[in-house]
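Asks: Here it is, the structure in full.
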Amino acid sequence: MQHLFSAFRTLMNPGYRKYILIPLVANLILFVIITGILATLFSDVIDIALNYIPSWLHFMAWMFWLVFGLALLILYGLSFTLITNLIAAPFNGLLAEKIQRDNGIPMPEGETLTHIIMRTLWREIVKLSYFISYGLAVTLILMLISFIPFVNLVVPVLAFIWGSWCIAIQYLDYGADNCQQDFNDLRKLAKRPTFQTFSFGGSVTLLTMIPVVNIFVMPLAVAAGTQLWIKDIYPLMQEQKLINQA
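The numbering of the sequence shown is the working numbering, which starts it at 280 and goes up by one.
This is the structure:
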């Protein structure tokens with residue numbers, strides 16, 4: 280959470296404003312679209328899920344409604360984040376680079392704007408393939424657990440943990456990609472400061488679940504994730520010589 284407060288102070292500096300305008304506009308447009316779709320489908324999806332509950336468990340329908348509802352809310356926050364970040368990836372990369380340079384991190388030189396756009400978009404595809412492949416397995420497991428009375432109460436918790444990990448990796452990766460850090464190396468080292476990684480991811484996940492607030496989360500999370508990468512991940516990369524210096 281401290282990185283979010285620090286990031287907010289950073290973004291208040293005039294030199295950062297030009298890096299957050301376009302992502303905010305993109306967020307606003309997608310917020311209207313995604314939130315509208317969710318509002319339309321929410322009750323229908325819940326009703327369909329409840330239809331699969333055996334008749335002898337109907338007295339516990341409220342519990343299943345709560346579990347499915349929380350899981351959908353977490354899915355909404357995660358989906359909103361992944362889609363908006365795919366579109367705004369080049370701008371997020373530039374914001375992360377600005378923070379890295381201001382903190383004295385050596386950056387690769389000579390990249391053209393076209394190369395930056397292609398690099399960041401390809402990295403988003405790499406991340407999406409990871410999130411989707413593992414996410415399908417996690418979703419299947421959670422769906423099976425959700426039909427077990429009382430045990431299904433852990434479904435929102437497990438979904439939140441998975442979502443927090445994905446969000447943390449999503450925003451730690453902008454600084455990593457700028458310094459040409461391999462995505463697999465980032466995933467491994469992000470587990471080292473476990474508390475910091477999951478507390479950051481959890482805080483951002485909670486914010487993305489709140490309509491309207493989630494419009495403004497992306498630049499704040501990019502800045503906070505980059506600062507966390509500088510403080511906790513970058514030293515590990517130097518120690519293991521896993522980073523390309525300029």
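The beta-carbon is built from N, C-alpha and C at its ideal position, and this holds for glycine as well.
Rounded C-beta distance between Ile384 and Cys458? I'm assuming under 8 Å.
Replies: Numbered from 1 along the sequence shown, position 105 holds the residue referred to as residue 384. Numbered from 1 along the sequence shown, position 179 holds the residue referred to as residue 458. Right, the Cβ-Cβ distance comes to about 7 Å (below 8 Å), so this counts as a contact.
Asks: Taking 8 Å as the threshold (C-beta atoms), are Gly356 and Gly442 in contact?
Replies: Along the sequence shown, read from residue 1 onward, the residue named residue 442 stands at position 163. Along the sequence shown, read from residue 1 onward, the residue named residue 356 stands at position 77. Yes, these two residues count as a Cβ contact at 8 Å.
Asks: Checking contacts by CB at 8 Å: is Ile494 closer than that to chain D?
Replies: No chain D appears in this structure, which consists of one protein chain only.
Asks: Cα separation between Glu388 and Ile312?
Replies: On the sequence shown, position 109 is the one that residue 388 refers to. On the sequence shown, position 33 is the one that residue 312 refers to. Their Cα atoms are separated by approximately 38 Å.
Asks: Counting only the same chain and skipping the five closest in sequence on each side, list residues whose C-beta sits under 8 Å from that of Gln362.
Replies: One-based indexing of the sequence shown puts residue 362 at position 83. Before going on, a small fix: residue 362 reads as Ile here, not Gln. Closer than 8 Å at the Cβ level, and outside the excluded window around Ile362, lie Leu309 and Ile313.
Asks: Rounded to whole angstroms, what's the CA-CA distance from Gln517 to Met497? Just pull it up for me.
Replies: Locating residue 517 in the sequence shown gives position 238, where the first residue counts as 1. Locating residue 497 in the sequence shown gives position 218, where the first residue counts as 1. Gln517 and Met497: Cα-Cα distance of roughly 28 Å.
Asks: Assuming Leu515 and Arg466 make a contact with CB atoms under 8 Å, what is their CB distance in whole Å?
Replies: The residue labelled residue 515 in the question sits at position 236 within the sequence shown. The residue labelled residue 466 in the question sits at position 187 within the sequence shown. 12 Å between Cβ atoms; not a contact.
Asks: Report the option in Ala318, Phe462, Ile411 and Tyr513 whose CA atom is closest to the CA atom of Thr399.
Replies: Looking up residue 399 in the sequence shown gives position 120. The residue among Ala318, Phe462, Ile411 and Tyr513 with its C-alpha nearest the C-alpha of Thr399 is Phe462.
Asks: With 16 other CB atoms within 10 Å as the buried threshold, where does Ile534 fall?
Replies: Absent from the model: residue 534. The displayed extent of the chain is 280 to 525, so no value can be given.
Asks: For the alpha helix (DSSP H) holding Cys458, just list the boundary residues, first then last.
Replies: For the purposes of this step, residue 458 is taken as the residue at position 179 of the sequence shown. Careful: Cys458 lies outside any alpha helix (DSSP H) and carries neither H nor E.
Asks: Restricting to runs no shorter than 3 residues, where is the beta strand (DSSP E) found entirely within the region 417 to 457?
Replies: Runs found: none.
Asks: Tell me the residue span of the alpha helix (DSSP H) that contains Glu518.
Replies: Residue mapping note: residue 518 aligns to position 239 of the sequence shown, counting from 1. Its alpha helix (DSSP H) spans residues Tyr513 to Gln519.
Asks: How many angstroms separate the CA atom of Leu407 from the CA atom of Ile446?
Replies: For this step, residue 407 is matched to residue 128 along the sequence shown. For this step, residue 446 is matched to residue 167 along the sequence shown. C-alpha separation (whole angstroms): 12 Å.
Asks: Check whether the region 283 to 294 touches the region 495 to 509, taking contact to mean three or more Cβ pairs, one atom from each stretch, closer than 8 Å.
Replies: yes
Asks: Buried or exposed: where does Ile299 fall if 16 or more other Cβ atoms within 10 Å of its Cβ makes it buried?
Replies: Looking up residue 299 in the sequence shown gives position 20. Classification for Ile299: buried.
Asks: Could you tell me which of Val417, Lys297, Gly348 and Phe426 sits nearest to Leu437, measuring between CA atoms?
Replies: Indexing the sequence shown from 1 puts residue 437 at position 158. Of all alpha-carbon atoms in Val417, Lys297, Gly348 and Phe426, the one lying nearest the alpha-carbon of Leu437 is that of Val417.
Asks: Which class does Met488 belong to by DSSP, given the choice of helix, strand or coil?
Replies: What you label residue 488 is simply residue 209 of the sequence shown in a count that begins at 1. Met488: coil per DSSP, three-state reduction.
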